[in-house]
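Reviewing the structure listed below.
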Amino acid sequence: MEKKPDFDDIYMELAVNLAKRSHCVKRHVGAVLAKDTRIISVGYNGPPSGTHNCDEEFGELGCSKDSKGSCSLAIHAEHNAILFAVKNKTSVEDSTLYVTLSPCIACARIIFSMGINRVVYLNSYAAYKGLKEDEGIVFLQKFGVETLKYQGSLSNVTHMN
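Whatever position you read off the sequence shown (first residue = 1), add 607 for our numbering.
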């Protein structure tokens, strides 16, 4: 009998595929929130609903940048997943977050504050941004949130940005 995929593999593959929905011209990131083997929310990075889709409105240049050089409109994937859950009155406490890029420090603070107790990430935010360490991961570990760099196989994913 064929071995069934682990939930970590299923949810990370979904996060990778959700990232393809992003309208960000710089980086596509996807996130899945799961609790007790059930998906409770999903998200991907991009502007707030009802504003502009950066790739459509601003072309290859994307939206304007803030004072730190980050996108002025973007909400990170994990933040979007948390906001969607809360907007729909779903508790994210004691859940696992699967995300294609490790959380930045601002998202890590939100993750901790919301009671998410496990984060599985695919790629390093520090490597992407040229930083010496993943500040978000360091913060989460310091305050007892389990973090795990995904080591599984993404057999159903054909392409990732």
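Glycine included, each C-beta is placed from N, C-alpha and C at the ideal position.
Asked, Found
"Exposed or buried, which one is Val693 when buried takes at least 16 other CB atoms within 10 Å?", "exposed"
"Short of 6 angstroms in beta carbon distance, which residues of its chain neighbour Gly722, apart from the five on each side in sequence? Order them along the chain.", "Glu700"
"Measure from the alpha carbon of Pro710 to the alpha carbon of each residue in Glu685, Leu761, Ser698 and Lys633, then state which is nearest.", "Glu685"
"CB-CB under 6 angstroms to His766, same chain, minus the five flanking residues each way: which ones, in chain order?", "Annotation note: pLDDT 46 at His766 (below 50); position unreliable, no value reported."
"What do you reckon, are the CB atoms on Tyr728 and Lys749 nearer than 8 angstroms?", "no"
"With DSSP collapsed to three states, give me the class of Ser720.", "helix"
"Distance, Cα to Cα, Asn652 vs Arg628?", "9 angstroms"
"Return the residue from the list Val636, Lys633 and Leu640 that minimises the CA-CA distance to Asp615.", "Leu640"
"Is it the case that the Cβ atoms of Val726 and Leu708 are separated by a distance below 8 angstroms?", "no"
"In terms of residue numbering, what span does the beta strand (DSSP E) encompassing Ile647 cover?", "Arg645 to Tyr651"
"Looking at the unbroken alpha helix (DSSP H) that takes in Lys696, where does it start and where does it end?", "Lys696 -> no alpha helix (DSSP H), and no H or E assigned at all."
"Ile617 to Ser760, Cα distance in whole Å?", "10 angstroms"
"So for Gly737, helix, strand or coil by DSSP?", "coil"
"What residue does the alpha helix (DSSP H) around Gly743 start on, and which one ends it?", "Glu742 to Lys749"
"According to the Cβ coordinates, are Ile718 and Val752 closer than 8 angstroms?", "yes"
"Mapping DSSP to helix, strand and coil, what is Tyr779?", "Residue 779 falls outside the range modelled here, since the chain spans only 608 to 768, and no answer is possible."
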